[in-house]
Each structure stands twice: as C-alpha cells, then as structure tokens.
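Engineer:
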Amino acid sequence: MSVFDNIIEQDLVSPHIFSFYLNRDTSADLGGELTLGGSDPAYYEGDFTYIPVTRKGYWQITIDRIEMKFDYLCEESCQAIVDTGSSLILGPKLDIAKINTFIGVDDSRIVDCNKIFQLPTIRFIMGGKAFDLTGKDYIIRHPNNESICIIVFSKHYLKYHNEIKWVLGMPFIGRYYTEFDMERDRVGFALAKSSSKCIESLSLSHFIVYFIIIFVISFLVSLVFNKNEINFRN
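Anchor point for the sequence shown: position 17 equals 17 in full-length UniProt numbering, and the numbering is continuous, going up by one each time.
#1: Would you list the residues sitting across from residue 72 in a DSSP beta bridge?
#2: From residue 18 to residue 69, what distance separates their C-alpha atoms?
#3: What are the boundary residues of the beta strand (DSSP E) that residue 90 is part of?
#4: For residue 75, which residues of its own chain have a beta-carbon under 8 angstroms away from its beta-carbon, when the five flanking residues on both sides are left out?
#5: Determine the closest residue to residue 168 out of 41, 152, 148 and 162, with distance taken between C-alpha atoms.
#6: Strictly by DSSP, which residues pair up with residue 30?
#7: Closest to residue 139 by CA distance: which of 103, 35, 130 and 166 is it?
#8: With respect to the alpha helix (DSSP H) encompassing residue 52, which residues constitute its N-terminal and C-terminal limits?
#9: So, at 8 angstroms on beta carbons, what are the nonlocal neighbours of residue 109 in its own chain, with the 5 sequence-adjacent residues on each side left out?
#10: On the CB-based measure, 16 or more other CB atoms within 10 Å of its CB, does residue 184 come out buried or exposed?
#11: DSSP three-state call for residue 177: helix, strand or coil?
#12: According to DSSP, is residue 56 part of a helix, a strand, or is it coil?
#13: Please list, in chain order, all residues of the same chain as residue 210 whose beta carbon is under 7 angstroms from its beta carbon, the five residues on each side excluded.
#14: Specify the secondary structure class of residue 165 as computed by DSSP and reduced to three states.
#15: Check residue 145 in the structure and name its three-state DSSP category.
#16: Mind checking which residues open and close the beta strand (DSSP E) that includes residue 137?
#17: Go ahead and pull the three-state DSSP assignment for residue 98.
#18: Between residue 91 and the rest of its own chain, which residues show a CB-CB distance below 6 angstroms, the 5 nearest in sequence each way excluded?
#19: Bridge partners of residue 242, per DSSP?
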C-alpha cells in the first residue's frame, strides 16, 4: 500500500487526487510542488486532458501513437506509465534509435547546445490530444558539464511489466502538469506554466533535488509504518 493509499484510508484528504508541478527554470525559487487533494491552477493553464488508467498498480495509460513529422512510432497504440521517479523518458531500443536519428544524434545523446531551438517537435498523442515536446523540452544540460547538452530519451531495460513500452518521466511532467486521480482511475495532463523558459535555464538540478526529497520522505514514512507494525506485533 502506498503512502497516499494510507492517507486515503485514514480519510485525511478529499478528493483522492494528487498532482505534480516541476519547474525546470533553475533560477526560480520554487523547484516544484506536490499537491494532495486536488490540483493547483497557479501552475497550469487550460484544461486537463484525462487518460484512463489501463492497469492498476502502475499509473499505466495508453499512448495512441507518437509522431515525428512523417514518421510514426507506437502506430497501433502502446502502453506507458507516468513515473515521477524517472528522470528520463524511456522507450524501446529501436524506437529510441529512430528518435535519435530524427533529432540528429548518435548513441552518446549529445546535442549542439546552439541548435536547441532548431530541433524538431516530437508529438505524443494521448486521449485524442497532441502533447508536443520541442527541443527545449527534451534537451537538458549535462549535470557534470553544463556546456554539454543531452536528450532525455533513453532505452529502458524492461524492469517494468512486459507490456509497458514507454515511461513518461520528469521531463514530460515538467512540460505538462500532471494530476493522478485515484477516484476515477485516470491521469490528467495540462500545460505547465513556465515549464521550460529558455535553454540557459535547463538542467537536471531541480529533478535531482526533487527526487532526493521524495526518496527521503518515502523512507521516513516507511520507517514510521514499520515501527507501528513492530509495536502492533509486540
């Protein structure tokens, strides 16, 4: 049972929704926000597009297709999960190779930082709506050398359920404010405000800090639950 499941079971929050905002502008004071019990309109614009969860246990949804100008991936739909614990967008090896070719990079995933705004758009179609990722969305500064720019697309190694082909991690959530609706078993996406202002501000730093914070919180909560369980058994 997850932390949020425990919160729901104790009737501490309503509605049974949690949402994530991740800010890729490293000059901003706020790196992101986790909202329990709904969504915060201060961090997104427009309406949500909701995609039904196809498999409980994961936040698994259907990608209708992925468009790269005149080429397509996932043409007959495929399964993906929305994962706040992933710092990348992960996909099948052959599909990632096609994306690399489309963008114009090799297996090193390194991009000329001066050409970010010339890079093509990659479009994820979900729930009948197009979710576009442009160069400034799918390129980040290397955490150890900010003069190097790399793409966030990478092949995964099937540590997830076999039918899952894609993992939409933090770069996607950074572009699209994400709502996890446990009442209706659906995931909602809306355009995040100031999600990626300019390439000079892009880096992994906020993602790394965010991940560490979430890990520490989860660890501390698990300690509390384990202690309560031990006390109960005693």
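Ideal Cβ positions, reconstructed from N, Cα and C, are used throughout, including at glycine. Quick caveat: nothing in here was measured; it's all calculated off a predicted structure.
Structural biologist: In terms of the structure at hand:
#1: For residue 72, which the question treats as bridged, DSSP gives the partners 67.
#2: In a straight line, the C-alpha of residue 18 is about 34 angstroms away from that of residue 69.
#3: 89-91
#4: 65
#5: 152
#6: DSSP lists no partner for residue 30.
#7: 103
#8: Residue 52 -> not in any alpha helix (DSSP H); beta strand (DSSP E) instead, spanning 44-52.
#9: Hits under 8 angstroms: 100, 150, 151, 153 and 154.
#10: exposed
#11: strand
#12: coil
#13: The predicted position of residue 210 is uncertain, since its pLDDT is 44 and thus under 50; no value can be drawn from it.
#14: strand
#15: strand
#16: No beta strand (DSSP E) contains residue 137, which is instead part of the alpha helix (DSSP H) from 135-138.
#17: In the three-state DSSP reduction, residue 98 falls in the helix class (H, G or I).
#18: 166
#19: In the structure as shown, the chain starts at 1 and stops at 234, and residue 242 therefore has no counterpart that could be examined.
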